[in-house]
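**Q** These protein sequence lines are chains A and B, in that order.
Following this note's numbering, the numbering of the first sequence begins with 1 at its first residue and continues without gaps.
Following this note's numbering, the numbering of the second sequence begins with 1001 at its first residue and continues without gaps.
Can you read through this structure? Questions will come right after.
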Amino acid sequence: MRLPFTANPHERQLIPDGRFTGPMPWVMAIMLFLSLIAAAAALSLAQSARQGSESLSRQATVQILETDADARVAQQREVAAQLRRQAGVKSATIVPESEARALLEPWLGDVAADSGIPVPALVDIEFSTAPDAARLATIERELSRIAPSVRIDGNAQWLKPWFDLIASMLWLALAIVLLLLFATGATVALAVRGALNTHKGTIEIMHMMGGTDLQVARLFQRRVALDSLFGGALGLGLAVIVILLLGERVAALEPGLLAGASVPLYGWLLLLFIPVAVTGLSMAMARWTVLSTLKKML
Amino acid sequence: MQSVAEFDNVGLRYGTGAETLTDVSFKLFPGSFYFLTGASGAGKTSLLKLLYLAHRPSRGAIRMFGEDLVAMPRSRLPGFRRRIGVVFQDFRLVQHLSAFDNIALPLRIAGISERDLVGPVNEMLDWIGLTERSSARPATLSGGEQQRVAIARAVIGRPEMLVADEPTGNVDPDMALRLLKLFAALNRLGTTVVVATHDIHLLQEIEGAQMMRLDKGRLSDPTGSLRHPPRPLVLRN
């Protein structure tokens, strides 16, 4: 099989390239840029969701709402000890009262730190696997024998809406990538049809001289491939700059839901592959457009 | 004798209009020379288009080189077209190619290597007197020069059949005679030649050439050559 780039200079001059002068390479660059940004967003969200589900979902917090301070501290210690003995619990960490008070500061201000307002005693639990609501209820029942006012909040429960949102955004980003690729294919088809119309006379002459549809298609494939590669390289360059700049901003965020939102290594490889795939897609689209159009000619 | 082309009750109409060609039946024999004449609008160009496979007939049967053209799949047409040289009435040169590249086009399409085509193309340029203008684009050539390039392009592949639509319309009498000599030389090498022309003097230049006359889309056969194989031709000058 002959590759489109192997067309010799004499074949190439039949359909003058006119590269970088028409809108096609620039449109391809814009399409690729948008596709890559959407793909990078999807990959980052996927990474974030995976990290979240791997770590945050395995965590839960025990609250002991005992009003007596001494009893609260004693129950906190016993609860932590009891949890450490539970199968499937990796760790149970007592949260110092000062940290618990600090959590109230956004709502109560400085008064939360030194007033006599009782704050719940907290124990952070890390499970081996994310616990479901039934397991948390069982543990809560067992702990209530030690601390009657105990309450367990599983992170997975309150994080679920966030992960659902992230999953929706992930699908949205993938849909945007697919739509942009579809639009790119349609753009190629329109551009090739325009070029076919422009070069109709030359193509008819080639046909009359015994030129085959594949010979004609190869010329257009080559032209589209070069436009796509140029557009892809430009779009990729711009997208990489934007992704790196955004990555710096995300890295500067406090640890939280978006902290893990970065493009993983396999994601970068995928992003590099997209322009190549788009070039292949564009060439296939050009070939299909040329062959289906020429089929209507004798 | 196996015919090069055989038309049997062929009709051609464009769209829903009246038939441009009606009940056309004839045979073209290998190594023969035919003139196709007729008034403007008689259907000469349409008949030639059927001969050089630019159209399929609306009805009737056409056999080319022994094969049924009407039933032939489209994918096989390029192979047959490479056996036919065409001189278009409007030359149809590729405007962004030089004279050299226009003449080399059929060879390149046929996959001839650059090394093998340079010699024949230069020889052809020399023959049509355009060696000095080999790199000129068609727009910078005169009408006569363009016509010579178009003829050179049609004959460079040594086609089995040459179809020419008014090939001497834009050249002076001397060049017309030279071109006719080229056609006759090709004909002697076995190429079947069909020349559509208005030029009545041209018909007298080649003895033994057969005449096909079209009148309002119907073919007449004054020499009877369309039914019987012709005699070998003789160039008068």
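Each residue gets a CB set at the ideal place from its N, CA and C atoms; glycine is no exception.
The structure presented is a predicted model; accordingly, all values stated were derived computationally and were not measured.
1) Return the bridge partner residues of residue 265 of chain A from the DSSP annotation.
2) With the cut-off set at 7 Å, would you say residue 1105 of chain B and residue 1117 of chain B are in Cβ contact?
3) How far does the beta strand (DSSP E) with residue 63 of chain A in it extend, from its first residue to its last?
4) Would a C-beta distance cut-off of 7 Å place residue 1217 of chain B and residue 1021 of chain B closer than the cut-off?
5) Measuring straight from C-alpha to C-alpha, what distance separates residue 282 of chain A and residue 293 of chain A?
6) Do you know offhand how far residue 1239 of chain B's Cα is from residue 230 of chain A's?
7) Can you give me the C-alpha to C-alpha distance between residue 1194 of chain B and residue 1051 of chain B, rounded to a whole angstrom?
8) Which residues of the segment 196-220 of chain A have a Cβ closer than 9 Å to any Cβ of chain B? Give them in chain order.
9) Do residue 188 of chain A and residue 297 of chain A count as a contact pair if the criterion is CB distance below 7 Å?
10) Going straight from the alpha carbon of residue 173 of chain A to that of residue 109 of chain A, what length do you get?
11) Can you check which of these residues, B/1035, B/1027, B/1017, is closest to residue 1207 of chain B by C-alpha distance?
12) On the CB-based measure, 16 or more other CB atoms within 10 Å of its CB, does residue 1198 of chain B come out buried or exposed?
13) Pairs of beta-carbons, one from the segment 149-160 of chain A and one from the segment 52-64 of chain A, closer than 8 Å: are there three or more?
14) Looking only at C-alpha atoms, which of A/288, A/273, A/171, A/252 sits nearest to residue 41 of chain A?
15) Quick check: residue 56 of chain A and residue 166 of chain A, are their CB atoms within less than 7 Å of each other?
16) Short check: CB of residue 1159 of chain B to CB of residue 1111 of chain B, under 7 Å?
17) Does the beta carbon of residue 1078 of chain B come closer than 7 Å to any beta carbon on chain A?
18) Hey, how far is the Cα of residue 1157 of chain B from the Cα of residue 1103 of chain B?
19) Excluding five sequence neighbours on each side, which residues of the same chain lie with their C-beta closer than 6 Å to the C-beta of residue 1152 of chain B?
20) Output the distance between the C-alpha atoms of residue 48 of chain A and residue 250 of chain A, rounded to the nearest integer angstrom.
21) From the beta carbon of residue 16 of chain A, is the nearest beta carbon of chain B less than 7 Å away?
22) Counting contacts by CB-CB distance shorter than 7 Å, is residue 296 of chain A in contact with chain B?
23) Determine the burial state of residue 1114 of chain B: buried for a count of at least 16 other Cβ atoms within 10 Å of its Cβ, exposed for fewer.
24) What is the DSSP secondary structure of residue 1064 of chain B, counted as helix, strand or coil?
25) In whole angstroms, give me the CA-to-CA distance for residue 1316 of chain B and residue 1109 of chain B.
26) Can you confirm whether residue 1120 of chain B, when its beta carbon is compared against all beta carbons of chain A, has any partner nearer than 7 Å?
27) Can you give me the start and stop residues for the alpha helix (DSSP H) that residue 173 of chain A sits inside?
28) Using a C-beta to C-beta distance shorter than 9 Å, which residues of chain A count as neighbours of residue 1014 of chain B?
29) How about residue 1136 of chain B and residue 1099 of chain B: do their beta carbons lie closer than 7 Å?
30) Sort B/1053, B/1079, B/1090 by Cα distance to residue 955 of chain B and report the nearest one.
31) State buried or exposed for residue 155 of chain A, treating a residue as buried only when at least 16 other CB atoms are found within 10 Å of its CB.
32) Identify whether residue 1212 of chain B lies in helix, strand or coil by the three-state DSSP scheme.
33) For chain A, check one thing: does any of its Cβ atoms lie closer than 7 Å to the Cβ of residue 1096 of chain B?
34) DSSP state of residue 312 of chain A, grouped into three classes?
35) Answer with yes or no whether the minimum CB distance from residue 1105 of chain B to chain A is below 7 Å.
36) If you measure from the beta carbon of residue 1040 of chain B to each beta carbon in chain A, is any gap under 7 Å?
**A** So, from the listed chains and residues:
1) Taking the first residue of the first sequence as 1, we reach residue 265 of chain A at position 265. Residue 265 of chain A pairs with nothing; no bridge assigned.
2) Taking the second sequence and counting its residues from 1, the one referred to as residue 1105 of chain B is at position 105. Taking the second sequence and counting its residues from 1, the one referred to as residue 1117 of chain B is at position 117. Against a cut-off of 7 Å, the Cβ pair of residue 1117 of chain B and residue 1105 of chain B comes out as no contact.
3) As a first step, residue 63 of chain A must be located in the first sequence, where it is residue number 63. Residue 63 of chain A -> beta strand (DSSP E) spans 59-64.
4) For the purposes of this step, residue 1217 of chain B is taken as the residue at position 217 of the second sequence. For the purposes of this step, residue 1021 of chain B is taken as the residue at position 21 of the second sequence. Their beta carbons are under 7 Å apart, which means residue 1217 of chain B touches residue 1021 of chain B by this criterion.
5) Sequence index remark: in the first sequence, residue 282 of chain A carries index 282 (1-based). Sequence index remark: in the first sequence, residue 293 of chain A carries index 293 (1-based). Each residue's Cα considered, the two are about 16 Å apart.
6) What the structure shows of chain B is the stretch from 1001 to 1237, and residue 1239 of chain B is not part of that stretch, so it cannot be assessed.
7) Start at 1 with the first residue of the second sequence, and residue 1194 of chain B comes out as number 194. Start at 1 with the first residue of the second sequence, and residue 1051 of chain B comes out as number 51. If you take the alpha carbons of residue 1194 of chain B and residue 1051 of chain B, they lie about 9 Å apart.
8) 201, 202, 204, 205, 206, 207, 208, 209, 210, 211, 212, 213, 215
9) In the first sequence, counting from the first residue as 1, residue 297 of chain A sits at position 297. In the first sequence, counting from the first residue as 1, residue 188 of chain A sits at position 188. No. Outside cutoff.
10) Translated into positions along the first sequence, residue 173 of chain A becomes position 173. Translated into positions along the first sequence, residue 109 of chain A becomes position 109. Cα to Cα, residue 173 of chain A sits roughly 40 Å from residue 109 of chain A.
11) Here the question's residue 1207 of chain B lines up with position 207 in the second sequence. Nearest C-alpha to residue 1207 of chain B: B/1035.
12) Residue 1198 of chain B sits at position 198 when you count from the first residue of the second sequence. Classification for residue 1198 of chain B: exposed.
13) yes
14) Walking along the first sequence from the start, residue 41 of chain A turns up at place 41. For residue 41 of chain A, the nearest C-alpha among the options comes from A/171.
15) Within the first sequence, numbered from 1, the residue matching residue 56 of chain A stands at position 56. Within the first sequence, numbered from 1, the residue matching residue 166 of chain A stands at position 166. No. Outside cutoff.
16) Here residue 1159 of chain B corresponds to residue number 159 of the second sequence, with the count starting at 1. Here residue 1111 of chain B corresponds to residue number 111 of the second sequence, with the count starting at 1. In this structure, residue 1111 of chain B does not lie closer than 7 Å to residue 1159 of chain B by Cβ.
17) Working through the second sequence from its first residue, we reach residue 1078 of chain B at position 78. So yes, residue 1078 of chain B belongs to the interface.
18) Counting from one through the second sequence, the residue named residue 1157 of chain B turns up at place 157. Counting from one through the second sequence, the residue named residue 1103 of chain B turns up at place 103. The straight-line gap from Cα to Cα measures roughly 10 Å.
19) Residue 1152 of chain B sits at position 152 when you count from the first residue of the second sequence. Contacts found: 1103, 1124, 1128.
20) Within the first sequence, numbered from 1, the residue matching residue 48 of chain A stands at position 48. Within the first sequence, numbered from 1, the residue matching residue 250 of chain A stands at position 250. For residue 48 of chain A and residue 250 of chain A, the distance between alpha carbons rounds to 11 Å.
21) By 1-based counting over the first sequence, the position of residue 16 of chain A is 16. Yes, because at least one Cβ of chain B sits closer than 7 Å to the Cβ of residue 16 of chain A.
22) Taking the first sequence and counting its residues from 1, one reaches residue 296 of chain A at position 296. Closer than 7 Å: no.
23) As a first step, residue 1114 of chain B must be located in the second sequence, where it is residue number 114. It is exposed - the Cβ of residue 1114 of chain B has fewer than 16 other Cβ atoms within 10 Å.
24) In the second sequence, the residue the question calls residue 1064 of chain B occupies position 64. It is a strand residue.
25) There is simply no residue 1316 of chain B to check, as chain B begins at 1001 and stops at 1237 in what is shown.
26) Here the question's residue 1120 of chain B lines up with position 120 in the second sequence. No, its Cβ sits nowhere closer than 7 Å to a Cβ of chain A.
27) Numbered from 1 along the first sequence, position 173 holds the residue referred to as residue 173 of chain A. Per DSSP, residue 173 of chain A belongs to the alpha helix (DSSP H) from 155-198.
28) The residue given as residue 1014 of chain B occupies position 14 in the second sequence. Correct list: empty, because the minimum Cβ distance to chain A is about 13 Å.
29) Taking the first residue of the second sequence as position 1, residue 1136 of chain B is located at position 136. Taking the first residue of the second sequence as position 1, residue 1099 of chain B is located at position 99. In contact: residue 1136 of chain B and residue 1099 of chain B (Cβ atoms closer than 7 Å).
30) Since the first and last residues shown for chain B are 1001 and 1237, residue 955 of chain B lies out of range.
31) Along the first sequence, read from residue 1 onward, the residue named residue 155 of chain A stands at position 155. Buried, because 16 or more other Cβ atoms sit within 10 Å of the Cβ of residue 155 of chain A.
32) Translated into the one-based positions of the second sequence, residue 1212 of chain B becomes position 212. In the structure shown, residue 1212 of chain B sits in a strand (DSSP, three-state: E or B).
33) Residue mapping note: residue 1096 of chain B aligns to position 96 of the second sequence, counting from 1. Yes, because at least one Cβ of chain A sits closer than 7 Å to the Cβ of residue 1096 of chain B.
34) The question about residue 312 of chain A has no answer here: the residues shown for chain A are numbered 1 through 298.
35) Indexing the second sequence from 1 puts residue 1105 of chain B at position 105. Yes, its Cβ sits closer than 7 Å to a Cβ of chain A.
36) For the purposes of this step, residue 1040 of chain B is taken as residue 40 along the second sequence, with counting starting at 1. Answer no: the Cβ-Cβ gap between residue 1040 of chain B and chain A never drops below 7 Å.
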